[in-house]
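Novice: The structure's right below; bear with me while I get my questions together.
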Amino acid sequence: MLEIGKYNRLEVKKISAIGAFLVSELGDILMPTKYVPEGLHPGEHVKVFVYLDSEDRLLATTLTPKAQVGEFAVLEVKDVTNVGAFLDWGLEKDLLVPFSEQPKPMNKGERHLVRVYLDRSDRIAASAKLSKFLEKSRIELKEGEEVMLTFYQFGELGAKVIINGRYDGLLFKSELYGSFEVGASARGFVKKIRPDGKIDVTLRKDGGKDLHGGRESVLRVLSERGGFLPVGDKSSPQLISEMFGMSKKSFKTVIGNLYKEGVIEISPEGIRLR
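Residues 1 to 274, numbered by UniProt numbering, are exactly what the sequence shown covers, in order.
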């Protein structure tokens, strides 16, 4: 079955001066001459991307778009007109984001994370309203499972992420260490699946529960740096992440425990081995 906005493997019916005509259940599809691979013959099959041209005619191309229908991608705004914003997605025809699919107005030169979809007329378009494309039920995940996260929004609670390209998730600010931008990807783990279907995630395999590795990391770095480090409660989460590979919340717990054990001293200047 032909899939518009995706790759299809189609048979070549004939080759003419204007290109190759490919067989589909919706009729012959033209692949313009400039996209026809050298040496292609009738009867052979070719992998092509199928989309609609400006006059809503089916076209095939061997060019590679930056995203297919059903995928998320970070794309640059090439132009803004009275119908919406047009994104560069690797094809000659730019990808439209209607104004109704923009949570906030897009401007030329900006980069946005969008979802590519088919509208009611089978035209390929994009939307920056991402949450409506994410599954809210039948969650096929388990707590502790390793997943791929795509960051799409930052707020007071933390970062909203897309989990495995399917589910909506939240990485709380206390679990957010390192520097991420919208569209960035990272390996994560399912921390908790709530009764209402909401999913909390973490960047740590142990979900932040096992601090033994963090304890060993702090002691190792202290030893390597001569027993003193100019870090503490006021240090940035990014510095803590780069130095110890943990969140600032975990770091504070670790040094608090080490202080209670009498292993380190804590001062306004930093932490020191006893």
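Built from N, CA and C at the ideal position, the CB exists for glycine as well. Note that the structure is predicted; figures quoted are calculated from it, not measured.
1. For R215, which option in L30, E143, G226, F244 has the closest C-alpha, if you only look at C-alpha atoms?
2. Taking contact to mean at least 3 C-beta pairs separated by less than 8 Å, is the region 53-64 in contact with the region 28-45?
3. Among Q238, K13, S179, V201, which residue has its Cα nearest to the Cα of G188?
4. What are the partner residues of N8, as DSSP defines its beta bridges?
5. Which residue wins for smallest C-alpha separation from G226, given the options A184, L118, P42, L273?
6. For S127, which beta-bridge partners are listed by DSSP?
7. In three-state DSSP terms, what is K191?
8. Just how far apart, CA to CA, sit L176 and S241?
9. Just checking my contact of E101 with K78 at CB under 8 Å: how many whole Å lie between their CB atoms?
10. I'd like the list of long-range same chain contacts for I193, defined as Cβ closer than 7 Å, with 5 residues on each side in sequence excluded.
11. Across which residues does DSSP place S267 in a beta bridge pair?
12. Does DSSP classify E181 as helix, strand or coil?
13. Could you have a look at T61 and say whether DSSP puts it in helix, strand or coil?
14. With distances taken Cα to Cα, identify the nearest neighbour of I124 among V50, G183, N107.
15. Given that a residue counts as buried once 16 or more other Cβ atoms are within 10 Å of its Cβ, and exposed if not, what is I163?
16. Mind checking whether H112 and L75 have CB atoms under 8 Å apart?
17. Taking 8 Å as the cut-off, decide whether the C-beta atoms of P65 and G27 are in contact.
18. For a test of the three-state rule: what should DSSP assign to V36, helix, strand or coil?
Specialist: Once the coordinates are examined:
1. Sequence index remark: in the sequence shown, residue 215 carries index 215 (1-based). Closest by alpha carbon: F244.
2. yes
3. Translated into positions along the sequence shown, residue 188 becomes position 188. Per the Cα distances, V201.
4. Mapped onto the sequence shown, residue 8 falls at position 8. DSSP lists V48 as partners of N8.
5. Within the sequence shown, the letter at position 226 stands for residue 226. When each option's Cα is compared against that of G226, the closest is L273.
6. As a working mapping, residue 127 is identified with position 127 in the sequence shown. R115.
7. Taking the first residue of the sequence shown as 1, we reach residue 191 at position 191. In the structure shown, K191 sits in a strand (DSSP, three-state: E or B).
8. Position 176 of the sequence shown, counting from 1, holds the residue named residue 176. Position 241 of the sequence shown, counting from 1, holds the residue named residue 241. Those two C-alpha atoms are separated by around 9 Å.
9. Residue 101 sits at position 101 when you count from the first residue of the sequence shown. Residue 78 sits at position 78 when you count from the first residue of the sequence shown. Going by Cβ atoms, the distance from E101 to K78 rounds to 16 Å, so no, they are not a contact pair.
10. Counting from 1 along the sequence shown, the entry for residue 193 is found at position 193. Result list for I193: I139, L141, E143, I199, in chain order.
11. Working through the sequence shown from its first residue, we reach residue 267 at position 267. DSSP output for S267 lists G270 as bridge partner(s).
12. The residue labelled residue 181 in the question sits at position 181 within the sequence shown. Coil at E181, not helix or strand.
13. The residue you call residue 61 lines up with position 61 of the sequence shown. Strand.
14. Here the question's residue 124 lines up with position 124 in the sequence shown. Ranking the options by Cα distance to I124, first place goes to V50.
15. Stepping through the sequence shown from its first residue, residue 163 is reached at position 163. With 16 or more Cβ atoms within 10 Å of its Cβ, I163 is classed as buried.
16. Locating residue 112 in the sequence shown gives position 112, where the first residue counts as 1. Locating residue 75 in the sequence shown gives position 75, where the first residue counts as 1. Yes, Cβ-Cβ distance for H112 and L75 is below 8 Å.
17. Counting from 1 along the sequence shown, the entry for residue 65 is found at position 65. Counting from 1 along the sequence shown, the entry for residue 27 is found at position 27. Judged by their CB atoms, P65 and G27 are not nearer to each other than the 8 Å cut-off.
18. Numbered from 1 along the sequence shown, position 36 holds the residue referred to as residue 36. Residue state, collapsed to three classes: coil.
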